[in-house]
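Peer 1: Sequences listed follow chains A and B, in order.
Quick note on numbering: the numbering used here labels position 39 of the first sequence as 39, and the sequence is numbered without any gaps.
Quick note on numbering: the numbering used here labels position 115 of the second sequence as 115, and the sequence is numbered without any gaps.
Ideal Cβ placement from N, Cα and C applies to all residues, glycine included.
Owing to the predicted nature of the structure, the values given are computational and were not obtained by experimental measurement.
Protein chains: 2
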Amino acid sequence: MLRLSKLTDYAVVVLARLGAEGGVQTAPGLAAGTGVAEPTVAKVLKILAHHDLVEGQRGARGGYRLMRPLRDMPLSTVIAAIEGPIALTACVDNGFGSCEAEGVCAVRGRWDPVNRAIRDALAGITIADLAGPTVHASFSAAAE
Amino acid sequence: MLRLSKLTDYAVVVLARLGAEGGVQTAPGLAAGTGVAEPTVAKVLKILAHHDLVEGQRGARGGYRLMRPLRDMPLSTVIAAIEGPIALTACVDNGFGSCEAEGVCAVRGRWDPVNRAIRDALAGITIADLAGPTVHASFSAAAE
DNA sequence: TTATACCGGACCGCTGTGGTCCTGTTTGCC
DNA sequence: GGCAAACAGGACCACAGCGGTCCGGTATAA
Ligand code: FES
Ligand code: FES
Numbered sequence: 001m002l003r004l005s006k007l008t009d010y011a012v013v014v015l016a017r018l019g020a021e022g023g024v025q026t027a028p029g030l031a032a033g034t035g036v037a038e039p040t041v042a043k044v045l046k047i048l049a050h051h052d053l054v055e056g057q058r059g060a061r062g063g064y065r066l067m068r069p070l071r072d073m074p075l076s077t078v079i080a081a082i083e084g085p086i087a088l089t090a091c092v093d094n095g096f097g098s099c100e101a102e103g104v105c106a107v108r109g110r111w112d113p114v115n116r117a118i119r120d121a122l123a124g125i126t127i128a129d130l131a132g133p134t135v136h137a138s139f140s141a142a143a144e
Numbered sequence: 001m002l003r004l005s006k007l008t009d010y011a012v013v014v015l016a017r018l019g020a021e022g023g024v025q026t027a028p029g030l031a032a033g034t035g036v037a038e039p040t041v042a043k044v045l046k047i048l049a050h051h052d053l054v055e056g057q058r059g060a061r062g063g064y065r066l067m068r069p070l071r072d073m074p075l076s077t078v079i080a081a082i083e084g085p086i087a088l089t090a091c092v093d094n095g096f097g098s099c100e101a102e103g104v105c106a107v108r109g110r111w112d113p114v115n116r117a118i119r120d121a122l123a124g125i126t127i128a129d130l131a132g133p134t135v136h137a138s139f140s141a142a143a144e
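Pasting the structure below:
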């Protein structure tokens, strides 16, 4: 089905919400705002923080803050953050020795253009595009 | 990782081989030619036959035959055959009621352009492209 | 000092996938 | 007419990955 993980979907939702609200938002707050279970939201945020898409501020009155406006955040980045590198095949881009049939394999390495095509398609769409006109707040609008 | 199933990979390999050899090939023969385990090849072929990409001929001297030249077989078709419809999100294209958060969800239905982009990218590449110059035989070359 | 909220990880049930196998059924050939 | 080859259509199981939850630790503001 070529489906990407639910976590990624949640990530987009959370990011969209974060962008719409602006400023610093707490995980429980975002959970309430998006309707996603709170532990899950926390997990997503943690992952995103790891990849410098959001920044966590600890302590009371803490929360998460976007590190980039949503329009500068291509979808591919988010996917890569949560799902890992974008590569369609098991016999990955330049990884040799992964498949035992690579000697006789006719399509050895030929997946690269496909990967590239997908990656480009994903890089051309920002979270702002996904969030759509819902983003009426804060610095995203100010930047416009 | 946005990875597609190994079966799909095998399908492409088998199809490439089938196109390279031309005519009717048996599953064991293709297994030997590709280096993929024979039961797996059989499984793949059966699925492909179900979707009218190849045609199975039963009985002794039977085998499988391509129903279309590889250059008329976009990658999206093969993927769709093996993995099912191409849709990235859990909250699928027009499927409502699947997600409990769809009321508050900010990106409700916004994945469609992404899906479309992916689908287009995948439709623009044929198996012949993946098989590359290896396709030197039969009617694929004759069509050229 | 205390409450809040992030941080880092461990943990488990479930689904889907990869892979094998077995029982028909069809068809060509001896 | 009988036999072997090869497809058809399942059932079947082991495994990995994912979704989702929870807990102990730490930083920080009131
Ligand atoms: S299938 Fe593994 S190298 Fe081609
Ligand atoms: S996450 Fe399910 S409707 Fe948006």
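Below 8 Å on the Cβ atoms is my contact criterion, and I expect B:Leu70 with B:Leu15 to pass it. Report the Cβ-Cβ distance as a whole number of Å.
Peer 2: With a Cβ gap of about 7 Å, B:Leu70 and B:Leu15 count as contacting.
Peer 1: In the region 13-92 of chain A, which residue ranges form an unbroken beta strand (DSSP E) of at least 3 residues, counting only runs that do not cross its ends?
Peer 2: The qualifying runs are 54-57 and 63-66.
Peer 1: Between A:Arg110 and chain B, is any beta-carbon pair separated by less than 9 Å?
Peer 2: Yes, A:Arg110 lies at the interface with chain B (some Cβ there is under 9 Å from its Cβ).
Peer 1: Can at least three beta-carbon pairs, one atom from the region 105-124 of chain B and one from the region 40-49 of chain A, be found at a separation below 8 Å?
Peer 2: Short answer: they don't touch.
Peer 1: Can you list, in chain order, the residues of its chain with a C-beta nearer than 8 Å to that of A:Arg119? Leave out the 5 residues immediately preceding and following it.
Peer 2: Excluding positions up to five away in sequence, the list reads Ser76 and Ile86.
Peer 1: Locate the alpha helix (DSSP H) running through B:Val114, then write down its first and last residues.
Peer 2: Element bounds for B:Val114: Asp112 to Ala123.
Peer 1: Any beta carbon of chain B sitting closer than 9 Å to that of A:Leu2?
Peer 2: Taking Cβ atoms only, chain B reaches closer than 9 Å to A:Leu2, which makes this a yes.
Peer 1: Checking the sheet assignment: what are the DSSP bridge partners for B:Thr126?
Peer 2: Its beta-bridge partners are B:Pro74.
Peer 1: Between A:Thr8 and A:Ile82, how many whole angstroms is the CB-CB distance? I'm expecting something under 8 Å.
Peer 2: Yes, A:Thr8 and A:Ile82 are in contact; Cβ-Cβ is about 5 Å, under 8 Å.
Peer 1: Using DSSP with H/G/I as helix, E/B as strand and the rest coil, what is A:Leu7?
Peer 2: Reduced to three states, the DSSP call for A:Leu7 is helix.
Peer 1: Which residue from A:Glu38, A:Gly22, A:Gly19 and A:Glu21 puts its Cα closest to that of A:Pro28?
Peer 2: Ranking the options by Cα distance to A:Pro28, first place goes to A:Glu38.
Peer 1: List, in order along the chain, the chain A residues whose C-beta lies closer than 7 Å to that of B:Ala42?
Peer 2: The premise fails here: B:Ala42 is roughly 16 Å from chain A at the closest Cβ pair, so nothing lies under 7 Å.
Peer 1: Please determine, among B:Ala11, B:Gln25 and B:Leu4, the residue with the shortest C-alpha to C-alpha distance to B:Arg61.
Peer 2: Nearest of B:Ala11, B:Gln25 and B:Leu4 to B:Arg61, Cα basis: B:Gln25.
Peer 1: For B:Gln57 and B:Tyr64, what's the separation of their Cα atoms in angstroms?
Peer 2: In a straight line, the C-alpha of B:Gln57 is about 6 Å away from that of B:Tyr64.
Peer 1: Any beta carbon from chain B within less than 9 Å of A:Pro28's own beta carbon?
Peer 2: Cβ-Cβ to chain B under 9 Å: no for A:Pro28.
Peer 1: Determine the closest residue to A:Asp72 out of A:Leu30, A:Val114, A:Leu4 and A:Leu130, with distance taken between C-alpha atoms.
Peer 2: Minimum Cα distance to A:Asp72 is reached at A:Leu130.
Peer 1: I'd like to check one pair, A:Leu48 with A:Val13: are the Cβ atoms closer than 9 Å?
Peer 2: No. Outside cutoff.
Peer 1: Decide if A:Gly19 is buried, meaning its Cβ has at least 16 other Cβ atoms within 10 Å, or exposed.
Peer 2: It counts as buried.
Peer 1: Classify B:Arg110 as buried or exposed, calling it buried when 16 or more other Cβ atoms lie within 10 Å of its own Cβ.
Peer 2: Classification of B:Arg110: buried, given that the 10 Å Cβ count is 16 or more.
Peer 1: I want to verify the contact list: residues of chain A whose CB lies under 8 Å from the CB of B:Ile125, in sequence order.
Peer 2: Near B:Ile125 (Cβ distances below 8 Å), the residues of chain A are Pro113, Val114 and Ala117.
Peer 1: Would you say A:Asp120 faces chain B, with C-beta separation under 9 Å as the test?
Peer 2: It does; some Cβ of chain B falls within 9 Å.
Peer 1: Alpha carbon to alpha carbon, how far is B:Arg68 from B:Ala31?
Peer 2: Between B:Arg68 and B:Ala31, the C-alpha separation is close to 21 Å.
Peer 1: B:Val12 touches chain A at which residues, Cβ-Cβ below 7 Å?
Peer 2: The contacting residues are Val107.
Peer 1: Starting from the beta carbon of B:Ile79, find every residue of chain A whose beta carbon is closer than 7 Å, and list them in chain order.
Peer 2: Here the neighbours are Leu2.
Peer 1: Please list the residues of the region 61-76 of chain B that have a C-beta atom closer than 8 Å to any C-beta atom in chain A, keeping them in chain order.
Peer 2: Here the close residues are Leu75.
Peer 1: Given a threshold of 16 other Cβ atoms within 10 Å of its Cβ, counted over all protein chains shown, does B:Arg116 qualify as buried or as exposed?
Peer 2: Per the 10 Å Cβ criterion, exposed.
Peer 1: Just checking my contact of A:Leu4 with B:Leu88 at CB under 8 Å: how many whole Å lie between their CB atoms?
Peer 2: Indeed, because the Cβ distance is near 5 Å, the residues count as touching under 8 Å.
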